[in-house]
Amino acid sequence: MQWPAINDQHFCYGRVFQALDQYAFPYHTSGAGNDDGKTFGWSHNVIFTALETPTRAIRFYTPGKAISKSTILVDKKQELLSPKQRVYLSEKRKVFYQWLKTASPRPIISDLENNTTLLRLDHDHSVPDFGNIFRQPAPLENYVNQQIAAAKVKYAVGGFKEKRSVYQAEQYLASGPIRDIHLGYDIWGPVETGIYTPLEARIHSFAYDPAEGSYGATIILEHSPLPDLTFYTLYGHLSRASLTGLKKGQTVPAGHALAKFGDREDNGNWPPHLHFQLVLDMLEYRGDFPGVFSEVTLEDGLLLCIDPAVLVRTATMP
9 MQWPAINDQH FCYGRVFQAL DQYAFPYHTS GAGNDDGKTF GWSHNVIFTA
59 LETPTRAIRF YTPGKAISKS TILVDKKQEL LSPKQRVYLS EKRKVFYQWL
109 KTASPRPIIS DLENNTTLLR LDHDHSVPDF GNIFRQPAPL ENYVNQQIAA
159 AKVKYAVGGF KEKRSVYQAE QYLASGPIRD IHLGYDIWGP VETGIYTPLE
209 ARIHSFAYDP AEGSYGATII LEHSPLPDLT FYTLYGHLSR ASLTGLKKGQ
259 TVPAGHALAK FGDREDNGNW PPHLHFQLVL DMLEYRGDFP GVFSEVTLED
309 GLLLCIDPAV LVRTATMP
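Here the sequence shown is numbered in our numbering, starting from 9 and rising by one per residue.
This is the structure in structure tokens:
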């Protein structure tokens with residue numbers, strides 16, 4: 009079979025998906041690497057209506073509608089987890105919080121200490137035209153920078169369980185429950201801000217997604233502080249150079265210089281920031297994991313994802 013040509017505007021990152029009721033056209037490309045070094049795309053005239061993982065973000069193109077580098081953010085199923093998975097994750101959360109009582113995570117940003125004054129930058133719907141601000145990269149970056157400068161702080165943080173209008177922009181819309189509840193923790197700050205490992209880890213996977221609105225460069229670490237406890241931390245919107253030299257399974261000590269904040273060219277066209285996510289089970293994802301969930305899958309999402317602020321430990325707000 010001859011695969012169709014795919015250009016940059018029809019690019020899609022991810023593993024090969026088997027669409028259940030449509031044909032998928034995989035296309036190998038180079039230059040973007042996850043743990044197997046492969047990236048795939050699909051032609052613009054394929055409509056995906058059922059996927060192997062119902063919440064995975066992929067690029068979506070509808071015949072006759074020119075949408076470049078956009079993302080389906082809908083749930084095709086109301087439940088992500090089986091009853092057994094829910095029981096398992098509930099018990100795992102208990103083990104995690106018990107371990108956390110005596111854990112001493114290192115700062116993930118070198119000058120983020122317990123007494124660091126931060127700006128909590130959540131969606132402020134009292135701001136005129138706030139929805140449109142959050143849907144456009146340049147106005148959003150200006151807004152973030154203005155808020156940080158006005159508060160006279162270096163970093164702004166927040167975002168866990170936040171309902172975000174950015175994911176309701178026209179290019180994200182599709183039929184189904186919209187995934188717009190953010191289950192990561194954002195740290196907004198200067199480009200090239202250094203990121204450090206909070207705990208000893210090994211590299212689980214990494215990837216670079218050039219699509220607009222994506223994670224851009226991403227690293228996922230696997231932590232096993234106890235024989236019966238393994239969890240994962242995800243670092244998104246990094247500089248592309250952060251992936252240089254990484255190897256799957258590579259061990260990294262606590263406090264290791266892991267990565268840097270990417271600029272808009274590297275990080276999915278977002279204002280510079282880190283998307284930090286704490287995940288109890290990767291559900292076979294590699295180099296990627298859903299950062300947003302819908303109302304119908306939020307309960308499962310909160311079993312999978314713990315508020316990462318418990319590892320950041322910077323609660324001082326102006």
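Backbone N, C-alpha and C fix where the C-beta goes; we use that ideal spot for every residue, glycine too.
* May I ask you to report which of helix, strand or coil DSSP gives residue 170? => strand
* Asked: So, is residue 95 buried or exposed, given that buried needs 16 or more other C-beta atoms within 10 angstroms?
  -> exposed
* Would the beta-carbon of residue 313 be found less than 7 Å away from any heavy atom of the ligand NAD? -> As for the ligand NAD, it is missing from this structure, which has no ligand bound.
* Grouping DSSP H, G and I as helix and E and B as strand, with all else coil, what is residue 284? -> strand
* Asked: Secondary structure at residue 233, three-state DSSP: helix, strand or coil?
  -> strand
* To do: Go ahead and label residue 183 buried or exposed: buried means 16 or more other beta carbons lie within 10 angstroms of its beta carbon, across all protein chains shown.
  => Note that residue 183 has pLDDT 49, beneath the 50 cutoff, so the model's placement of it is unreliable and the number below is only indicative. With fewer than 16 Cβ atoms within 10 Å of its Cβ, residue 183 is classed as exposed.
* Asked: So the alpha helix (DSSP H) residue 308 belongs to, where does it begin and stop?
  -> 306-312
* To do: Report yes if the CB atom of residue 223 is closer than 8 Å to the CB atom of residue 202, and no otherwise.
  => no
* **residue 104 beta carbon less than 8 Å from that of residue 312** => no
* To do: To the nearest angstrom, report how far apart residue 89 and residue 97 are at their CA atoms.
  => 10 Å
* Alpha carbon to alpha carbon, how far is residue 320 from residue 309? -> 20 Å
* Taking residue 163 as the reference, give the member of 249, 197, 291 and 268 with the closest Cα. => 197
* Asked: For residue 265, which beta-bridge partners are listed by DSSP?
  -> 204
* Along the chain, where does the beta strand (DSSP E) that runs through residue 215 open and close? -> 209-216
* Leaving aside the five residues before and after residue 235 along the sequence, list all residues of the same chain whose C-beta is less than 8 Å from its C-beta, in chain order. => none
* Asked: Which residue's Cα is closest to the Cα of residue 266: 273, 277 and 248?
  -> 248
* **Residue(s) in a DSSP beta bridge with residue 300** => 190
* So, residue 303 versus residue 211, is the Cβ gap smaller than 8 Å? -> no
* Extent of the continuous alpha helix (DSSP H) to which residue 107 belongs -> 91-108
* **Coarse secondary structure for residue 152, derived from DSSP in three states** => helix
* Asked: Would DSSP call residue 120 helix, strand or coil?
  -> coil
* Within 10 angstroms of its Cβ, does residue 91 collect 16 or more other Cβ (buried), or is it exposed? -> exposed
* To do: Pull up the distance between the alpha-carbon of residue 208 and that of residue 199, whole angstroms please.
  => 25 Å
* Asked: Under the three-state reduction of DSSP, which class applies to residue 242: helix, strand or coil?
  -> strand
* Quick one: is residue 296 buried, meaning 16 or more other Cβ sit within 10 Å of its Cβ, or exposed? -> buried
* To do: With a threshold of 16 other CB atoms inside 10 Å of the CB of residue 276, please say whether the residue is buried or exposed.
  => buried
* Helix, strand or coil: which one does DSSP assign to residue 127? -> strand
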